[in-house]
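S.K.:
There are 2 protein chains.
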Amino acid sequence: MQHITIDTIKTWERFYRANFINCLTGFKAVSLIATVNADGQPNLGVFSSVVHLGSDPALIGFINRPLAAAPHTIDNIKATGVYTINHIHPTIAAQAHQSSAKYPVEVNEFTEVGLTEMYLPNVVAPFVQESNVKYALSLVEIVPITHNNTFLVIGKVMDVILADNLIKNDGFLALEQAESLASLGVDAYYTTQKLARFGYAKPDVPFAKL
Amino acid sequence: MQHITIDTIKTWERFYRANFINCLTGFKAVSLIATVNADGQPNLGVFSSVVHLGSDPALIGFINRPLAAAPHTIDNIKATGVYTINHIHPTIAAQAHQSSAKYPVEVNEFTEVGLTEMYLPNVVAPFVQESNVKYALSLVEIVPITHNNTFLVIGKVMDVILADNLIKNDGFLALEQAESLASLGVDAYYTTQKLARFGYAKPDVPFAKL
Numbered sequence: 020m021q022h023i024t025i026d027t028i029k030t031w032e033r034f035y036r037a038n039f040i041n042c043l044t045g046f047k048a049v050s051l052i053a054t055v056n057a058d059g060q061p062n063l064g065v066f067s068s069v070v071h072l073g074s075d076p077a078l079i080g081f082i083n084r085p086l087a088a089a090p091h092t093i094d095n096i097k098a099t100g101v102y103t104i105n106h107i108h109p110t111i112a113a114q115a116h117q118s119s120a121k122y123p124v125e126v127n128e129f130t131e132v133g134l135t136e137m138y139l140p141n142v143v144a145p146f147v148q149e150s151n152v153k154y155a156l157s158l159v160e161i162v163p164i165t166h167n168n169t170f171l172v173i174g175k176v177m178d179v180i181l182a183d184n185l186i187k188n189d190g191f192l193a194l195e196q197a198e199s200l201a202s203l204g205v206d207a208y209y210t211t212q213k214l215a216r217f218g219y220a221k222p223d224v225p226f227a228k229l
Numbered sequence: 020m021q022h023i024t025i026d027t028i029k030t031w032e033r034f035y036r037a038n039f040i041n042c043l044t045g046f047k048a049v050s051l052i053a054t055v056n057a058d059g060q061p062n063l064g065v066f067s068s069v070v071h072l073g074s075d076p077a078l079i080g081f082i083n084r085p086l087a088a089a090p091h092t093i094d095n096i097k098a099t100g101v102y103t104i105n106h107i108h109p110t111i112a113a114q115a116h117q118s119s120a121k122y123p124v125e126v127n128e129f130t131e132v133g134l135t136e137m138y139l140p141n142v143v144a145p146f147v148q149e150s151n152v153k154y155a156l157s158l159v160e161i162v163p164i165t166h167n168n169t170f171l172v173i174g175k176v177m178d179v180i181l182a183d184n185l186i187k188n189d190g191f192l193a194l195e196q197a198e199s200l201a202s203l204g205v206d207a208y209y210t211t212q213k214l215a216r217f218g219y220a221k222p223d224v225p226f227a228k229l
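For the protein sequence lines, the chains are A and B, in the order given. Numbering of the first sequence is given in the numbering used here, commencing with residue 20 and proceeding in unit increments. Numbering of the second sequence is given in the numbering used here, commencing with residue 20 and proceeding in unit increments.
What follows is the structure in structure tokens.
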């Protein structure tokens, strides 16, 4: 085993350090967040900071980087109050990754990377038609994280669109069947294989394998 | 494809809804967070809400559930200002899952589930010796999320301990070699396989496969 202190990490070259710290937290969901501005101009970006906040109410958060680095998604969410989160599978991984390029605000990343806008009548933001699991959120709150000028954007789930047969009889979603990818660090994409589902754990009682 | 609205989701039975909403965000890191209280009594719990906040400074967050449901970890972090996050691999997955049982505060989950405390001289919280990737954090801030009484606990990375040969030449951590697991929903554990690393994306320039 290696022991590395923060004093060592601080001496590292910027990109080396960013790769290391981004990987340290482990595998994460990777999704396309789609928005529109007040004029209806779509925007699409890759985010790997989506986090479950609670199920009742159904609240989901994501971290938006500082405004100077990543203004479009958060600006559009402030303007419209609505956004969609769309899972990524291997067939669209390269297009999804390309949407992380810094396009000018007037460019429609859907068109640029070759993905398709899909709309519901009551949701102003587009979904990614190709995505197997996607959901629309209504903005609840933007919490500034003052220590590094990032933001926790909190939304409530409004509409879910997903491929048939993913929902198991207890509400579990077999996302490996949708080929939803995980990511690692800033640039790596992973497929997954189920190891096990374990039953609810109680003290002094062996749990079931589901 | 299926379209499910929040009005339908709200009618679902509590555990069915929780499974569904927990799965919706996708795969996530799953880790053991270890703490001690002011008397040095260890506590261990499973968390799948760890999120990268930034690399410089190296800030990492996790969501702590409401105090009534999950008081021990956050109470200990408030008391000592220090905690460790420890990756889980298949060999220790069952023990890790068992640590999610609601043990009384005076019970040492390390002993109960069969994992080993490991200490650094300058870190009051224990690491999980068996874990292949683990890091100690110093508390920066606890941000209350008022909409559902959860908390975003923000810490800065202080010490990292990891298995040899995981760090690639650009700082990337090949966590599949450490067998770090991902999780899904409240009870599923997944292994991963690398699909690809994609180079930095720029408009109108094909990115490299790393």
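Virtual Cβ for every residue (Gly too), placed ideally from N, Cα, C.
1. Just mark Arg33/A as buried or exposed, buried being the case when its beta carbon has 16 or more other beta carbons within 10 Å.
2. Within its chain, find whatever has a CB closer than 8 Å to the CB of Leu156/A; leave out the 5 residues flanking it on each side and keep chain order.
3. Between Leu171/A and Glu149/B, what straight-line distance do the alpha-carbon atoms span, to the nearest angstrom?
4. Flag Ala207/A as yes if its beta-carbon sits less than 9 Å from any beta-carbon of chain B, otherwise no.
5. Does Arg216/B come out as helix, strand or coil in the three-state DSSP assignment?
6. Kindly list, in the order they appear in chain A, the residues whose Cβ is closer than 8 Å to that of Glu125/B.
7. Quick one, are the C-beta atoms of Pro85/A and Ala144/A less than 9 Å apart?
8. Any beta carbon of chain B sitting closer than 9 Å to that of Phe129/A?
9. Should Val147/B be labelled buried (16 or more other beta-carbon atoms within 10 Å of its own) or exposed?
10. Could you check whether the stretch 187-194 of chain B touches the stretch 85-96 of chain A, counting it as contact only if at least three pairs of C-beta atoms, one from each stretch, sit closer than 8 Å?
11. Using a threshold of 9 Å, state whether the C-beta atoms of Leu115/A and Arg36/B are closer than that.
12. If distances are taken between C-alpha atoms only, which option among Val132/B, His166/B, Val70/B comes closest to Gly73/A?
13. Using a Cβ-Cβ cut-off of less than 8 Å, give me the residues of the stretch 129-150 of chain A that come near chain B, in sequence order.
14. Let me check understanding here. Comparing Cα to Cα, which of Asn141/A, Glu125/A, Val69/A, Val224/A lies closest to His22/B?
15. Please classify Gln117/B as buried or exposed, where buried requires at least 16 other C-beta atoms within 10 Å of its C-beta.
16. Going by DSSP, name the residue or residues bridged to Thr189/A.
17. Starting from Ala156/A, trace the alpha helix (DSSP H) in both directions and tell me its first and last residue.
18. Compare the C-beta of Gly80/A against all C-beta atoms of chain B and say whether one is closer than 9 Å.
19. Return yes when the Cβ of Leu43/B is within less than 9 Å of the Cβ of Val65/A, no when it is not.
20. Give the single residue among Ile186/A, Ala53/A, Asp183/A whose Cα lies nearest to the Cα of Leu134/A.
21. Looking only at C-alpha atoms, which of Ala112/B, Thr27/B, Val55/B sits nearest to Thr210/B?
22. Tell me whether the beta-carbon of Asp26/A lies closer than 9 Å to the beta-carbon of Asn56/A.
23. What are the residues that DSSP puts in a beta bridge with Ile208/B?
24. Strictly below 7 Å CB to CB, what residues from chain B border Lys221/A?
25. Look at the alpha carbon of Ala207/A and the alpha carbon of Gly218/B, and state the distance between them as a whole number of angstroms.
26. Name, please, each residue of chain B whose Cβ falls closer than 7 Å to the Cβ of Ala88/A.
27. Nearest to Lys186/B by alpha carbon, out of Pro225/A, Lys29/A, Asn38/A, Asn184/A?
28. Under a Cβ-count criterion, where at least 16 other Cβ atoms within 10 Å of its own Cβ denotes burial, should Ala227/A be classed as buried or exposed?
29. Would you say Gly204/A reaches chain B, if we count a Cβ-Cβ gap shorter than 9 Å as a contact?
30. Based on DSSP bridge pairs, tell me the residues matched to Thr24/A.
31. In angstroms with no decimal places, state the Cα-to-Cα distance between Asp183/B and Gly59/A.
32. Is the separation between the beta-carbon of Ser67/B and that of His106/A shorter than 9 Å?
33. Please compile the residues from chain A whose C-beta is within a distance smaller than 7 Å of the C-beta of Gly73/B.
34. For Phe170/B, which residues does DSSP report across the bridge?
35. Could you work out which residues of chain A lie near Thr92/B, taking near to mean beta carbons separated by less than 8 Å?
M.R.: Answer, in terms of the structure:
1. exposed
2. Ile79, Val101, Tyr102, Thr103, Ile104, Gly174, Lys175, Val176, Met177
3. 33 Å
4. yes
5. strand
6. Chain A residues near Glu125/B: none, gap ~12 Å exceeds 8 Å.
7. It is not a contact, given that the beta carbons lie outside the stated cut-off.
8. Residue-level contact check: Phe129/A does not touch chain B, since none of the beta carbons of chain B fall below 9 Å from its beta carbon.
9. buried
10. no
11. The sequence given here has Ala at residue 115/A, not Leu. Not closer than 9 Å, so no.
12. Gly73/A has its Cα closest to that of His166/B, out of Val132/B, His166/B, Val70/B.
13. Glu131, Leu139
14. Asn141/A
15. Counting C-beta atoms within 10 angstroms of its own C-beta, Gln117/B has 16 or more neighbours from the protein chains shown and is therefore classed as buried.
16. First, the amino acid is wrong: residue 189/A is Asp here, not Thr. Answer is none; Asp189/A lacks a bridge partner.
17. Inspection of the sequence shows that residue 156/A is occupied by Leu rather than by Ala. Per DSSP, Leu156/A is not a residue of any alpha helix (DSSP H); the beta strand (DSSP E) it occupies stretches across 152-164.
18. yes
19. Cβ distance not < 9 Å, so Val65/A and Leu43/B don't count as in contact.
20. Ala53/A
21. Ala112/B
22. no
23. The identity of residue 208/B in the sequence shown is Tyr, whereas the question assumes Ile. Paired residues: Ala215/A, Ser202/B.
24. Under a criterion of Cβ atoms nearer than 7 Å, the residues of chain B adjacent to Lys221/A are, in order, Ala120.
25. 9 Å
26. The premise fails here: Ala88/A is roughly 11 Å from chain B at the closest Cβ pair, so nothing lies under 7 Å.
27. First, the amino acid is wrong: residue 186/B is Ile here, not Lys. Minimum Cα distance to Ile186/B is reached at Asn38/A.
28. exposed
29. yes
30. Asp178/B
31. 50 Å
32. No, Cβ-Cβ distance for Ser67/B and His106/A is not below 9 Å.
33. Asn167, Thr169
34. Asn83/B, Pro163/B
35. Correct list: empty, because the minimum Cβ distance to chain A is about 16 Å.
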